[in-house]
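Q: Pasting in a structure now, in C-alpha cells, and then I'll have a few things to ask.
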Amino acid sequence: MTPAICCPRCHDAIPATPPAERPCPRCGLVLRGSPVGVSYEQARLLQAAFPARFRLYRALCNNGFVSYHELAAGSVSLPGREDVAEFGRFLSHHAGNGEWLLDVGCGPLPVPGYLEPLRGRGLRFLGLDIYPTSFDGFRITGCAEFLPLADRSIDVVVFGTSLDHVCDLTQTLQEMSRILRRGGRCCIWMGDRRPYWREFFFPDAPATVVVRRIFGGFPKRVLRNVLNGHRPFYGILHHFRHGRYWEYENGSTFYCPPGAIDPFHMYFERPAEVIRLAKRFGFAATATERASNGVFLGLTRS
Ligand SMILES: C[S@@+](CC[C@H](N)C(=O)[O-])C[C@H]1O[C@@H](n2cnc3c(N)ncnc32)[C@H](O)[C@@H]1O
Ligand SMILES: [Zn+2]
C-alpha cells in the first residue's frame, strides 16, 4: 500500500506512485518513482527557498553523512542503545494499529532502533531522508521542508534527533502541520541545549556559576587536556571561535564552518522554543518527557 502522493512544491495530487519519472502537471517538478518509494531534487528546492543558509546547511549535512561511518555509535540510532530504547518506549504510547508513520530524517538503518518496539503492530512506515536510505518501508529521498505527501494523510511523524538538522525549522513544522490529520502526533527526540557561548556566559544559574567556571572549571579543564595528551585548549575554544576543527576520541576530525555552532547541527533550539513555534501551526504540546539523553516532545495537531 502506498501513501497519497502529491507534488512537494505545489501540492497538486499525483494520481499514483510515479513510474520512472513524472513531471508535476502544474509546476513541472520531476518526481521519480521506484518500487520502494519516491525521490525528487530536494537540494534545488531548498537552495531556491533558503539561499542565505543553504551552503552552510549542506556542509553540515555532509559532515553528518560522514559521521554515519566514523561516529556511528553516536550519530545513528543503533538498536541496543539505552537512550534509543527509551525513545522507542515513548513512541509506543503515541502510535497504534493501522496508522501511517513518517520517520523524518530516518538515517541509514533499515529499522532505526527506536522504531523496533513498533514493528508488528500493524503500522505503515515511511522513511524520509535527504540521502538515499535502506529504510524498511516506503522510502522518500527528499526533505522535511517540501514533502510529497497529501494534506492530512499521516497519523504520526517522528523526528529521532533530526529536527535540529533541517535547513528551516519553521517551514518544517508548517509541513508537518499540513500532512498530519487532526489529532495526529508529532514525536520529537531533541537536545536541550543552547549555543555554547550563551551557555557559558548566561547559564540558567546564578552568576557565581560563571565565576566558578572561569576560575575553577577552566584551569581544571586545561590540566585534564594536558594530562590526556590533548592541546591545552582542546574543547574550550569552541565556545568562542568559528571556523575550527573538532576532534573526536577515535581520531575523527570534522570542520565546523563559520556560522555553525558545531559540525553537525543547524539549530540548538530548546523544547520550549519548539513548542512556541509549533503552536503557530496548530500544535499543542501534549507530552514532554525528560530522557537520559535529551527531551521527548509529543505535539498533537488540532
Ligand atoms: C542525527 S541523524 C539521525 C538519523 C536517524 N533518525 C537515527 O536516529 O538513526 C539526522 C538525519 O537528518 C537528516 N536530515 C538533514 N536535513 C534534513 C531535511 N531537511 N529533511 C529530512 N532529513 C534531514 C540527515 O541526513 C540525517 O540522516
Ligand atoms: Zn507541482
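Everything in the sequence shown is counted per numbering that gives the first Met the number 0, starting at 0 for the first residue and increasing by one.
Ideal Cβ placement from N, Cα and C applies to all residues, glycine included.
Model, not experiment: these values are computed from the prediction.
(1) If we count the other Cβ atoms within 10 Å of its Cβ and call it buried at 16 or more, is residue 244 buried or exposed?
(2) Residues near ligand 2, CB to any non-hydrogen atom under 6 Å, in chain order?
(3) Between 90, 76, 65, 54, which has its C-alpha nearest residue 256's C-alpha?
(4) Could you give the uninterrupted runs of the beta strand (DSSP E) lying entirely in the segment 100-160, keeping only those of 3 residues or more?
(5) Spatial neighbours of residue 281 within its chain, please: C-beta separation below 7 Å, excluding the five flanking residues on both sides.
(6) When burial is assigned at 16 or more other CB atoms within 10 Å of the CB, is residue 226 buried or exposed?
(7) Should residue 71 be counted as a contact of ligand 1 given a C-beta to heavy atom distance under 7 Å?
(8) Can you look up residue 58 in the DSSP assignment and give me helix, strand or coil?
(9) How should residue 241 be labelled, buried or exposed, when 16 other C-beta atoms within 10 angstroms of its C-beta is the threshold for buried?
(10) Using 7 Å as the cut-off, classify the Cβ of residue 128 as near or not near the heavy atoms of ligand 1, replying yes or no.
(11) Suppose contacts are defined by Cβ-Cβ distances below 8 Å. Is residue 75 in contact with residue 119 by that definition?
(12) Quick check: the Cα distance between residue 129 and residue 33, rounded to an integer number of angstroms?
(13) Taking the alpha helix (DSSP H) that residue 1 belongs to, which residues open and close that run?
(14) Closer than 6 Å by C-beta to residue 58: which residues in its own chain qualify, once you throw out the five before and the five after it? Chain order, please.
(15) Whose CA, out of 272, 211, 11, lies closest to the CA of residue 27?
(16) For residue 86, name the three-state secondary structure that DSSP assigns.
A: From the atom records:
(1) For the purposes of this step, residue 244 is taken as the residue at position 245 of the sequence shown. By the neighbour-count rule (16 or more Cβ atoms within 10 Å), residue 244 is not buried but exposed.
(2) Every residue whose beta carbon comes nearer than 6 Å to a heavy atom of ligand 2 appears here in chain order: 6, 8, 9, 11, 23, 25, 26, 28.
(3) Stepping through the sequence shown from its first residue, residue 256 is reached at position 257. Closest option to residue 256, Cα to Cα, is 54.
(4) Whole beta strand (DSSP E) segments, 3+ residues: 123-128, 137-140, 153-159.
(5) On the sequence shown, position 282 is the one that residue 281 refers to. Apart from the 5 residues on each side of it in sequence, residue 281 sits with its Cβ closer than 7 Å to the Cβ of 176, 300, 301 in its chain, given in chain order.
(6) Residue numbering aside, residue 226 sits at position 227 when the sequence shown is read from its first letter. Classification of residue 226: exposed, given that the 10 Å Cβ count is below 16.
(7) Taking the first residue of the sequence shown as 1, we reach residue 71 at position 72. Incorrect: residue 71 has no Cβ contact closer than 7 Å to ligand 1.
(8) As a first step, residue 58 is located in the sequence shown; it is residue number 59 there, counting from the start. Helix at residue 58.
(9) What you label residue 241 is simply residue 242 of the sequence shown in a count that begins at 1. Confidence at residue 241 is low in this model, with a pLDDT of 45, below 50, so its placement is unreliable and no value can be given for it.
(10) What you label residue 128 is simply residue 129 of the sequence shown in a count that begins at 1. Within 7 Å of the C-beta of residue 128 there is at least one heavy atom belonging to ligand 1.
(11) Working through the sequence shown from its first residue, we reach residue 75 at position 76. Working through the sequence shown from its first residue, we reach residue 119 at position 120. Their beta carbons are not under 8 Å apart, which means residue 75 does not touch residue 119 by this criterion.
(12) As a position in the sequence shown, residue 129 is number 130, starting the count at 1. As a position in the sequence shown, residue 33 is number 34, starting the count at 1. Approximately 16 Å between the Cα atoms of the pair.
(13) As a position in the sequence shown, residue 1 is number 2, starting the count at 1. Run containing residue 1: none; DSSP gives neither H nor E here.
(14) As a first step, residue 58 is located in the sequence shown; it is residue number 59 there, counting from the start. Correct list, in chain order: 256.
(15) For the purposes of this step, residue 27 is taken as the residue at position 28 of the sequence shown. Checking every option, the nearest Cα to that of residue 27 belongs to 11.
(16) Start at 1 with the first residue of the sequence shown, and residue 86 comes out as number 87. In the structure shown, residue 86 sits in a helix (DSSP, three-state: H, G or I).
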